[in-house]
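Asker: Take this structure first; my questions come after.
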Amino acid sequence: MKLFAVIGHPIKHSLSPQLHRIAFRLIGEDATYTKVDVHPESLETFMEVAPLVFKGLNVTIPHKERVYELVDEVMGVASEVKAVNTVLFEDSRSYGFNTDVKGVRMAIESEVNARGMKVAILGAGGAARAAVVAFYKDCKVTVFNRTLEKAQRLAREFGVEARPLKDYEEIRRHNIIINATPVGMDGRSTPIPIEVIERNHVVMDMVYRPLFTPLLKGALRRGAKTVDGLRMLVIQGLESEKIWLGKAPDWKVVYMKLLAELANG
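When we follow the UniProt record's numbering, the leftmost residue of the sequence shown carries the number 1, and every step to the right adds one.
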């Protein structure tokens with residue numbers, strides 16, 4: 001039996017075990033998936049012993065950037081994001097991947113073909129960085145952040161624009177709006193006023209708890225298309241399975257089953 005895990009600190013609220021149990025069942029894979037709370041001070045030691053136990057790992061906050069430095073080989077877009085969320089242990093080596101990039105792109109593309117569109121990314125942290133990498137090559141990307149200097153640093157690296165978060169008129173001129181900040185996790189806050197959103201927008205919230213954030217609820221009221229963070233979570237998780245196992249079920253099937261489980265408590 002193959003064993004996989006998600007590591008983070010804290011980790012108790014992770015939906016990844018639930019997601020992967022559904023997926024393994026659908027493809028008939030004899031595998032187990034668990035979650036491990038790894039304190040930052042213990043991460044290096046954990047990564048040394050993990051190959052003795054696990055076939056692969058998912059990595060979440062706050063370890064993605066440090067694991068990027070610890071793996072033997074960085075693969076694909078992880079080198080641009082400078083963060084690893086998926087690890088494969090094979091032939092006594094560790095390989096680091098980033099599936100967040102494909103997760104955010106495919107989640108948006110489930111609603112609209114993004115090529116050539118104007119994409120507003122709210123935030124300038126790790127999640128925003130993955131979103132920039134997902135869109136900067138074939139879209140017009142602008143990073144909006146409360147601290148403009150942080151947005152400018154990220155924007156310069158990828159040749160995109162940077163603006164202050166309060167530049168609401170500029171945000172309104174974009175086709176796609178992606179919240180890559182934690183704002184909304186409290187179930188009350190929105191990163192921008194709902195009045196900024198119009199019916200021609202596609203609005204995504206990378207936050208998935210709550211599933212329907214105040215931003216998404218407001219966007220729906222304004223007539224916009226919406227993309228919840230659970231979609232991205234499922235897609236990036238199944239991209240990890242393709243790396244580990246060479247196969248994964250259809251993300252829409254897993255998404256609907258996970259939604260049903262969450263609705264039933």
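Quick reminder that beta carbons are idealized off the backbone N, C-alpha and C, glycines included.
Taking the alpha helix (DSSP H) that A50 falls in, what are its first and last residues?
Answerer: Within the sequence shown, numbered from 1, the residue matching residue 50 stands at position 50. Taken as a continuous stretch (DSSP letters only), A50 belongs to no alpha helix (DSSP H), as it is neither H nor E.
Asker: So, are the CB atoms of residue 283 and T226 less than 8 Å apart?
Answerer: Here the chain covers residues 1 to 265 and nothing more, so residue 283 does not appear.
Asker: Measure the Cβ-Cβ separation of V87 and G96 and say whether it is below 8 Å.
Answerer: Locating residue 87 in the sequence shown gives position 87, where the first residue counts as 1. Locating residue 96 in the sequence shown gives position 96, where the first residue counts as 1. For V87 and G96, yes; Cβs fall inside 8 Å.
Asker: For N264, count the other beta carbons within 10 Å of its own beta carbon; 16 or more makes it buried, fewer makes it exposed. Which is it?
Answerer: Here residue 264 is taken as the residue at index 264 of the sequence shown, counted from 1. Label assigned to N264: exposed.
Asker: So the beta strand (DSSP E) F144 belongs to, where does it begin and stop?
Answerer: Here residue 144 corresponds to residue number 144 of the sequence shown, with the count starting at 1. Unbroken beta strand (DSSP E) run through F144: K140 to N145.
Asker: Measure the beta-carbon distance from I7 to V36 and round it to whole angstroms, keeping in mind my assumption that it falls under 8 Å.
Answerer: If you number the sequence shown from 1, residue 7 lands on position 7. If you number the sequence shown from 1, residue 36 lands on position 36. Correct: roughly 5 Å between the Cβ atoms.
Asker: What residues in its chain sit with their C-beta under 7 Å from that of V132, if we drop five residues either side in the sequence?
Answerer: In the sequence shown, the residue the question calls residue 132 occupies position 132. So the list reads I121, V141, V143, L154, F158 and V160, once near-sequence residues are dropped.
Asker: Rounded to a whole number of angstroms, what is the C-alpha to C-alpha distance between M204 and K82?
Answerer: Locating residue 204 in the sequence shown gives position 204, where the first residue counts as 1. Locating residue 82 in the sequence shown gives position 82, where the first residue counts as 1. In this structure, the straight-line span from the alpha carbon of M204 to that of K82 is close to 23 Å.
Asker: Determine the DSSP secondary structure at E29, reduced to helix, strand or coil.
Answerer: Residue 29 sits at position 29 when you count from the first residue of the sequence shown. Three-state result, E29: coil.
Asker: Going by beta carbon distance, what residues of the same chain come within less than 8 Å of H63, once the five residues before and after it are set aside?
Answerer: What you label residue 63 is simply residue 63 of the sequence shown in a count that begins at 1. Closer than 8 Å at the Cβ level, and outside the excluded window around H63, lie I7, G8, H9, V38, P40 and L43.
Asker: Closest to P182 by C-alpha separation, out of P214, K12, V71 and E195, would be which residue?
Answerer: As a working mapping, residue 182 is identified with position 182 in the sequence shown. Out of P214, K12, V71 and E195, P214 has the C-alpha closest to the C-alpha of P182.
Asker: Beta strand (DSSP E) containing V160: first to last residue?
Answerer: Residue 160 sits at position 160 when you count from the first residue of the sequence shown. It is not in any beta strand (DSSP E) - V160 carries neither H nor E in the DSSP assignment.
Asker: Determine the contact status of V196 and R172, defining contact as a CB-CB distance below 8 Å.
Answerer: On the sequence shown, position 196 is the one that residue 196 refers to. On the sequence shown, position 172 is the one that residue 172 refers to. In this structure, R172 lies closer than 8 Å to V196 by Cβ.
Asker: Label K12 either buried or exposed according to how many other C-beta atoms from any shown protein chain fall within 10 Å of its C-beta, with 16 as the threshold for buried.
Answerer: Walking along the sequence shown from the start, residue 12 turns up at place 12. Exposed, because fewer than 16 other Cβ atoms sit within 10 Å of the Cβ of K12.
Asker: In terms of residues, what are the limits of the beta strand (DSSP E) holding M204?
Answerer: Taking the first residue of the sequence shown as 1, we reach residue 204 at position 204. It spans V202 to D205 - the beta strand (DSSP E) in which M204 sits, taken as one unbroken run.
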